[in-house]
Amino acid sequence: MGSFVPNLRTMKRLVLMGIAAMFAVSTFAQTKPKVDFTGDITSDMTFSRDTMYELHGLVYVKNNATLTIESGTVVLGGLAPDNSNATALVVYTDGKINAVGTPTQPIIFTSAKKPGEREYGDWGGVVLMGKAPINKVDPLYENGVIPGTFGGNEPAHSSGTMKYCRIEFAGYPFEANRELNSLTLCAIGSGTTINHIQCSFNNDDAYEWFGGTVNMDHLIAYRTNDDDYDVDNGFSGHVQFGVSLSDTAVADVSTKNGFEVDNDANGSTDVPITAAVFSNMTIIGAYYDKNFVDQTGNHGRGAHIRRNCAINIFNTVWIGWKEGNRMDGDNTMSNYANGIGFLQHNMISGCITDLNVANGADLTQFTNFINDPAQDYRFQSNTTDAMLMNPYSYSAPDWTPKAGSPLLNGANFSNSKLASFTQTTYIGAFDQGDNWAEGWTEFDPKNAVYDQVLGLDNIDFVKNINVYPNPTTQKLSIEFDLATNSDVTVQVLDLSGKVVATPLAQTELFGGAQSVSADLGGLNNGVYFVVVKTSNGVQTAKVVLNR
Numbered sequence: 001m002g003s004f005v006p007n008l009r010t011m012k013r014l015v016l017m018g019i020a021a022m023f024a025v026s027t028f029a030q031t032k033p034k035v036d037f038t039g040d041i042t043s044d045m046t047f048s049r050d051t052m053y054e055l056h057g058l059v060y061v062k063n064n065a066t067l068t069i070e071s072g073t074v075v076l077g078g079l080a081p082d083n084s085n086a087t088a089l090v091v092y093t094d095g096k097i098n099a100v101g102t103p104t105q106p107i108i109f110t111s112a113k114k115p116g117e118r119e120y121g122d123w124g125g126v127v128l129m130g131k132a133p134i135n136k137v138d139p140l141y142e143n144g145v146i147p148g149t150f151g152g153n154e155p156a157h158s159s160g161t162m163k164y165c166r167i168e169f170a171g172y173p174f175e176a177n178r179e180l181n182s183l184t185l186c187a188i189g190s191g192t193t194i195n196h197i198q199c200s201f202n203n204d205d206a207y208e209w210f211g212g213t214v215n216m217d218h219l220i221a222y223r224t225n226d227d228d229y230d231v232d233n234g235f236s237g238h239v240q241f242g243v244s245l246s247d248t249a250v251a252d253v254s255t256k257n258g259f260e261v262d263n264d265a266n267g268s269t270d271v272p273i274t275a276a277v278f279s280n281m282t283i284i285g286a287y288y289d290k291n292f293v294d295q296t297g298n299h300g301r302g303a304h305i306r307r308n309c310a311i312n313i314f315n316t317v318w319i320g321w322k323e324g325n326r327m328d329g330d331n332t333m334s335n336y337a338n339g340i341g342f343l344q345h346n347m348i349s350g351c352i353t354d355l356n357v358a359n360g361a362d363l364t365q366f367t368n369f370i371n372d373p374a375q376d377y378r379f380q381s382n383t384t385d386a387m388l389m390n391p392y393s394y395s396a397p398d399w400t401p402k403a404g405s406p407l408l409n410g411a412n413f414s415n416s417k418l419a420s421f422t423q424t425t426y427i428g429a430f431d432q433g434d435n436w437a438e439g440w441t442e443f444d445p446k447n448a449v450y451d452q453v454l455g456l457d458n459i460d461f462v463k464n465i466n467v468y469p470n471p472t473t474q475k476l477s478i479e480f481d482l483a484t485n486s487d488v489t490v491q492v493l494d495l496s497g498k499v500v501a502t503p504l505a506q507t508e509l510f511g512g513a514q515s516v517s518a519d520l521g522g523l524n525n526g527v528y529f530v531v532v533k534t535s536n537g538v539q540t541a542k543v544v545l546n547r
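First residue of the sequence shown: 1, per my numbering; consecutive thereafter.
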């Protein structure tokens, strides 16, 4: 099994002393210890939230072992033994992962580099291998990047559970066309549970499915270099509620797409055919308006449907792409003309070209197909016509619809392929006022501080913190000084570390004196901690609620 190697330089801690007995304002720090991890996991093992785990090389979970990762745990992708970035967590066909985070304590897979230094492709990512059907016999993942075969005849096979997890700065390229993704799903079965996943700053795709039957929901692809949702080799699972946001300055030379879908690399008729079902997706490209100039030259299509696939996409909106939907190949087009695949009840908003074709597909046929009333496509001229709250923000995006948005109606679940889906009235990933992407997500992971429980880092940057009245019966004033301008988040935590209130979500503040108000009226009497987070420092003050 794998081995732990203590990193003594990072095991220094400031211990909290007598918290329960202290009722005056205080500041404190607790730095998590870190251990280096190499080798395979061949028996059941737990990664605990009070320790950081830095992986080195390809770490396999196999031999019927289960890797349990506690909520709030941070797993780092470090350098491989050859000093390359070829590090990944690989759950093999006879292994399982049990990574169950919570909305307030997500599990974080991220780069081992320091805040401010993290970049695309710092490590490989998370790879799951299962035994569900795939249309390629005994495949080697990406031509042998990950040794071992996967796939089989067990559609209900389970690889475990992943909930409320973030995967950041993954996507190491071994060589051209041989890359890892943030989350790579190789023949994963429907017995696997995967939901509430955020993949950010990935060097290849955010999510890539090679066959399989797994069902997934509540997915985020944030500022991915290549494709957001890449579907291959007979994937036939169900995916509902997903969002992506492109980075205007980043796009892979192979062309960055929202969806990229193949039956296989050769466009064969091998079965099972790629016929996954997606619904309620919000896919946002780089073209925030039609005057945007793509300096990369590589931002492409909201959906590139090609190589004899028959993917089904319902109740979805594409916003701000060079091309909304591209149909590629006459054999692919025939799958939709003959009712093998479905594209229905969707919207294209603010794209330079709504529809396009390639490799033998006929544009007139594709246009007539989409404009058939049975498809119920709607087209909007501008990205703003979709009426989302704040879709293009990189610091605090809000993809929920505004009142009056055309996305709030028009969803349809009458197609039999949607029988098991959650029925909504709205198109896209979000209902009005229901932002499921809040709380467990992180939109500035490059500068996030992950090694502290309730940290105190660079006390001179955030200082003079004061909370009053203290004790308080409900209302609380929070004052502090900033050395310079910074993005700031203010949270209230209970004694277990759970976030119970966020008086200030990530907001840029100017240097100098600051004042924030909080309402603790919905909380029980007791001791709480006010945490002021910036990219350069964290300060904490204790407050007593006593009515």
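In this text, a Cβ means the ideal position worked out from N, Cα and C, and glycines have one as well.
Only a predicted model underlies this, so the values are computations on that prediction, with no experimental measurement involved.
To the nearest angstrom, how far is it from the Cα of residue i to the Cα of residue j?
i: Phe292; j: Gln380; result: 17 Å
i: Pro445; j: Asn195; result: 20 Å
i: Gln474; j: Val488; result: 23 Å
i: Tyr426; j: His238; result: 18 Å
i: Gln432; j: Val317; result: 15 Å
i: Arg484; j: Gln514; result: Before going further, note that residue 484 is Thr rather than Arg in the sequence given. Their backbone Cα atoms lie some 12 Å apart in a straight line.
i: Leu509; j: Val61; result: 44 Å
i: Lys290; j: Gly404; result: 23 Å
i: Phe109; j: Ser71; result: 12 Å
i: Met347; j: Asn135; result: 31 Å
i: Ala574; j: Ala541; result: There is simply no residue 574 to check, as the chain begins at 1 and stops at 547 in what is shown.
i: Gly512; j: Ser393; result: 25 Å
i: Leu55; j: Ile167; result: 14 Å
i: Met387; j: Lys402; result: 6 Å
i: Ala156; j: Pro272; result: 15 Å
i: Ile281; j: Gln344; result: In the sequence under discussion, the amino acid at residue 281 is Met, which differs from the Ile named in the question. Taking the straight line from one Cα to the other gives about 13 Å.
i: Asn415; j: Trp399; result: 26 Å
i: Gly39; j: Tyr468; result: 51 Å
Cutting at 7 Å between CB atoms, please list the residues of its own chain near residue i, excluding the five before and the five after it.
i: Met327; result: Ile305, Met333, Val357, Ala361, Phe366
i: Ala275; result: Ser236, Ala310, Ile311, Asn312, Gly341
i: Tyr505; result: Strictly speaking, residue 505 in this sequence is Ala, with Tyr absent from that position. For Ala505, where only same-chain residues beyond five positions count, the Cβ hits under 7 Å are Ala396, Thr489.
i: Phe23; result: Any reading at Phe23 must be qualified, since the residue scores a pLDDT of 27, below 50, and its modelled position is unreliable; no value is offered.
i: Asn464; result: Phe480, Asp481
i: Thr93; result: Met129, Gly130, Lys131, Phe150
i: Ser268; result: Asn308
Would you kindly report the start and end of the unbroken alpha helix (DSSP H) that includes residue i?
i: Phe366; result: 363-371
i: Asn335; result: 330-337
Of the choices the options, whose alpha-carbon is the least far from that of residue i?
i: Val492; options: Glu508, Val543, Thr473; result: Val543
i: Lys96; options: Thr66, Val253, Lys114; result: Thr66
i: Asn83; options: Ala112, Gly72, Thr104, Lys62; result: Ala112
i: Pro567; options: Thr441, Gly512, Ser477, Ser393; result: This structure leaves residue 567 out entirely; the chain is present only between 1 and 547.
i: Val35; options: Thr42, Arg49, Thr93, Ala99; result: Arg49
i: Val261; options: Asn215, Asp205, Gly410; result: Asp205
i: Lys450; options: Val538, Thr161, Gly171; result: Checking the sequence shown, residue 450 turns out to be Tyr, not Lys. For the residues Val538, Thr161, Gly171, the minimum Cα distance to Tyr450 belongs to Val538.
i: Gly151; options: Thr213, Asn64, Met52; result: Thr213
i: Ser190; options: Pro503, Arg223, Glu154, His218; result: Glu154
i: Gly521; options: Asp434, Asp376, Thr193, Ala501; result: Ala501
i: Ile352; options: Pro33, Gly234, Gly324; result: Gly324
i: Gln295; options: Asp252, Ala303, Tyr222, Asn315; result: Asp252
Once the 5 residues before and after residue i are set aside, which same chain residues still bring their CB inside 8 Å of it?
i: Arg547; result: Thr473, Gln474, Asn525
i: Tyr626; result: The structure shown does not extend to residue 626, since the chain is modelled only from 1 to 547, so the question has no answer here.
According to DSSP, which residues form a beta bridge with residue i?
i: Cys199; result: Ile167, Ala221
i: Lys160; result: Reading the sequence as shown, one finds Gly at residue 160 and not Lys. Note: Gly160 sits in a beta bridge opposite Ile97.
i: Asp232; result: Phe210
i: Cys186; result: Met129, Phe210
i: Asp434; result: Asp431
i: Lys34; result: Met52
i: Asp519; result: Lys475
Using C-beta distances below 6 Å, list every residue in its chain close to residue i, excluding the 5 sequence neighbours before and after it, in chain order.
i: Thr255; result: Asn298, Gly300
i: Leu128; result: Val91, Ser159, Leu185, Ile188
i: Asn470; result: Val543
i: Thr102; result: Ser71, Tyr164
i: Met45; result: Leu67
i: Met162; result: Ala99, Ile194
i: Asp227; result: Asp205, Asn257, Glu260
What are the boundary residues of the beta strand (DSSP E) that includes residue i?
i: Arg301; result: 301-305
i: Gly526; result: 526-534
i: Glu260; result: 259-261
i: Tyr60; result: 58-61
i: Gly378; result: Note that residue 378 is Arg in the sequence shown here, rather than Gly. Counting along the chain, the beta strand (DSSP E) containing Arg378 begins and ends at 378-380.
i: Phe443; result: From DSSP, Phe443 is part of no beta strand (DSSP E); its letter is neither H nor E.
i: Ala358; result: 353-358
i: Trp318; result: 317-319
i: Glu117; result: Run containing Glu117: none; DSSP gives neither H nor E here.
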